[in-house]
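Visitor: Chains A and B supply the protein sequences, listed in that same order.
FYI, the numbering for the first sequence is -18 to 120, going by our numbering.
FYI, the numbering for the second sequence is 1224 to 1306, going by our numbering.
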Amino acid sequence: MFQLSTTTLQCDELKRTLSFAAVGAVVTFEGVVRNHNDGREVVALEYEAYEDLAAGEAKKIFAQCRQQFNILEAKCVHRVGKLSIGDVAVWVGACASHRDDAFRGCRYIIDEIKARLPIWKKEYYSNGDSGWVNCEKII
Amino acid sequence: MNDPKEINVRYYALLREQRGCPSETIKTNAQTPLELYAQLRQQYRFSLDTSFLKVSLNDSFGSWNSPLQDKDTVVFIPPVAGG
């Protein structure tokens, strides 16, 4: 399951949805907005997503994850809109009977989401500048 | 020469800012997304070369050389940075 959210992520609630009798291991990941990147002081972030394409790609990522790892359930919620330092930008959770599949499944999902999903991040800097991450330096 | 097609183009992130709008419908003789991007890049001075972009056709990743059909929705995908 993949969702975009315009509001604060409720990580504890999300984690509870991965708790059922067959589960022996739950691994969760929270990506948090930090105050620096590439030597620059970051004061805020803005995420933008192409929702229909992201939903389709996420479905493929979850299917590929299930093929490779013996996970029972996996979820990811990604924020869009303006975020402050310390906000959770992305939450991933994977549960399995055993820890190895849960760890590897969670890692696979966040890595693939970062690499493949049409989501963009704009950084706002302390000097008033701003820029789209991965787009500006190659110009 | 084929009749011009009506193509829906949506823009995100840096391309949206450089174009100054999130979407538009374009009448074009471009036969492929590659040709369409070349036209739009010249018109709007987009900074990103196609080597840094992917393309989406009707909400799925597609090929730069796919033939465009009338009413297609095309999105040029700048380098992503989720997470």
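Ideal Cβ positions, reconstructed from N, Cα and C, are used throughout, including at glycine.
Just so we're clear, the structure is a prediction, and the values are computed from it rather than from any experiment.
1. Using only the alpha-carbon positions, how far apart do His17(A) and Val23(A) sit?
2. Please list, in chain order, the chain A residues whose beta carbon lies closer than 9 Å to that of Val1298(B).
3. Spatial neighbours of Gly12(A) within its chain, please: C-beta separation below 6 Å, excluding the five flanking residues on both sides.
4. Is any beta-carbon of chain B found at less than 9 Å from that of Ala122(A)?
5. Just tell me which of Asn1252(B), Leu1238(B), Arg1239(B) and Cys1244(B) has its CA closest to the CA of Glu1229(B).
6. At 7 Å on the CB atoms, spell out the chain A contacts of Pro1256(B), in chain order.
7. For Tyr28(A), report the span of its beta strand (DSSP E) as first-last.
8. With 9 Å set as the bound, which would you pick, yes or no: does the beta-carbon of Ala1236(B) sit closer than that to a beta-carbon of chain A?
9. Span of the alpha helix (DSSP H) holding Gln1262(B)?
10. How about Lys56(A): is its C-beta nearer than 9 Å to some C-beta of chain B?
11. If the cut is a Cβ gap below 7 Å, which residues of chain B does Ile42(A) touch?
12. Could you give the DSSP three-state label for Ser0(A): helix, strand or coil?
13. By DSSP's criteria, Leu1237(B) is part of a beta bridge. Which residues make up the other side?
14. Kindly say whether Ala1304(B), judged by its beta-carbon, lies nearer than 9 Å to any beta-carbon of chain A.
15. Leaving out five residues on either side along the sequence, give the residues of the same chain with a beta carbon under 6 Å from the beta carbon of Thr1296(B).
16. By alpha-carbon positions, which one of Asn108(A), Val7(A) and Val61(A) ends up nearest to Ala35(A)?
17. Provide the residue(s) that pair with Ile52(A) in DSSP beta bridges, ordered along the chain.
18. Could you have a look at Ser1274(B) and say whether DSSP puts it in helix, strand or coil?
19. Excluding sequence positions up to five away, which residues of its chain have a Cβ less than 7 Å from the Cβ of Ala75(A)?
20. Could you list which residues in chain B have their beta carbon closer than 8 Å to that of His17(A), in chain order?
21. Going by C-alpha distance, which of Glu117(A), Asp110(A), Phe50(A) and Glu104(A) is nearest Leu26(A)?
22. When you compare only the Cα positions, how much space is there between Pro1245(B) and Ser(-14)(A)?
23. Look up Lys63(A) in the DSSP assignment and say whether it is helix, strand or coil.
Guide: Result, derived from the coordinates:
1. On the first sequence, residue 17(A) is found 36 positions in, with the first residue counted as 1. On the first sequence, residue 23(A) is found 42 positions in, with the first residue counted as 1. Taking the straight line from one Cα to the other gives about 5 Å.
2. Position 75 of the second sequence holds residue 1298(B). Those within 9 Å of Val1298(B) in chain A are Tyr31, Leu34 and Pro99.
3. Position 31 of the first sequence, counting from 1, holds the residue named residue 12(A). Around Gly12(A): Ala70 and Val71.
4. Residue 122(A) lies beyond the residue range present for chain A, which begins at -18 and ends at 120; the question has no answer from this structure.
5. Counting from one through the second sequence, the residue named residue 1229(B) turns up at place 6. Glu1229(B) has its Cα closest to that of Asn1252(B), out of Asn1252(B), Leu1238(B), Arg1239(B) and Cys1244(B).
6. Position 33 of the second sequence, counted from the first residue, corresponds to residue 1256(B). Within 7 Å Cβ-Cβ: nothing; Pro1256(B) doesn't reach chain A, min ~14 Å.
7. Here the question's residue 28(A) lines up with position 47 in the first sequence. It spans Arg21 to Ala30 - the beta strand (DSSP E) in which Tyr28(A) sits, taken as one unbroken run.
8. The sequence position of residue 1236(B) within the second sequence is 13, counting from 1. Interface residue, yes.
9. The residue given as residue 1262(B) occupies position 39 in the second sequence. Annotation for Gln1262(B): the continuous alpha helix (DSSP H) segment containing it runs Pro1256 to Tyr1267.
10. The residue labelled residue 56(A) in the question sits at position 75 within the first sequence. The beta carbon of Lys56(A) sits no closer than 9 Å to any beta carbon of chain B.
11. Taking the first sequence and counting its residues from 1, the one referred to as residue 42(A) is at position 61. Residues of chain B with a Cβ closer than 7 Å to the Cβ of Ile42(A) do not exist; the shortest Cβ-Cβ separation is about 11 Å.
12. Sequence index remark: in the first sequence, residue 0(A) carries index 19 (1-based). If DSSP states are grouped into helix, strand and coil, Ser0(A) belongs with coil.
13. Taking the first residue of the second sequence as position 1, residue 1237(B) is located at position 14. Note: Leu1237(B) sits in no beta bridge, so no partner.
14. Counting from 1 along the second sequence, the entry for residue 1304(B) is found at position 81. Chain A, which has a Cβ nearer than 9 Å to the Cβ of Ala1304(B), makes this yes.
15. Numbered from 1 along the second sequence, position 73 holds the residue referred to as residue 1296(B). Closer than 6 Å at Cβ, skipping near neighbours: Asn1231 and Asn1281.
16. Indexing the first sequence from 1 puts residue 35(A) at position 54. Nearest C-alpha to Ala35(A): Val61(A).
17. Counting from one through the first sequence, the residue named residue 52(A) turns up at place 71. Partner(s): Ala77(A).
18. For the purposes of this step, residue 1274(B) is identified with residue 51 of the second sequence, where counting begins at 1. Looking at Ser1274(B) - three-state DSSP - the assignment turns out to be helix.
19. Taking the first sequence and counting its residues from 1, the one referred to as residue 75(A) is at position 94. Closer than 7 Å at Cβ, skipping near neighbours: Val8, Ile52, Ala55, Ala83, Gly86, Cys87 and Ile90.
20. For this step, residue 17(A) is matched to residue 36 along the first sequence. Simply none; closest approach about 16 Å.
21. Locating residue 26(A) in the first sequence gives position 45, counting from the first residue. When only C-alpha atoms are compared, the closest one is Glu104(A).
22. Position 22 of the second sequence, counting from 1, holds the residue named residue 1245(B). Position 5 of the first sequence, counting from 1, holds the residue named residue -14(A). If you take the alpha carbons of Pro1245(B) and Ser(-14)(A), they lie about 20 Å apart.
23. Counting from one through the first sequence, the residue named residue 63(A) turns up at place 82. Residue state, collapsed to three classes: strand.
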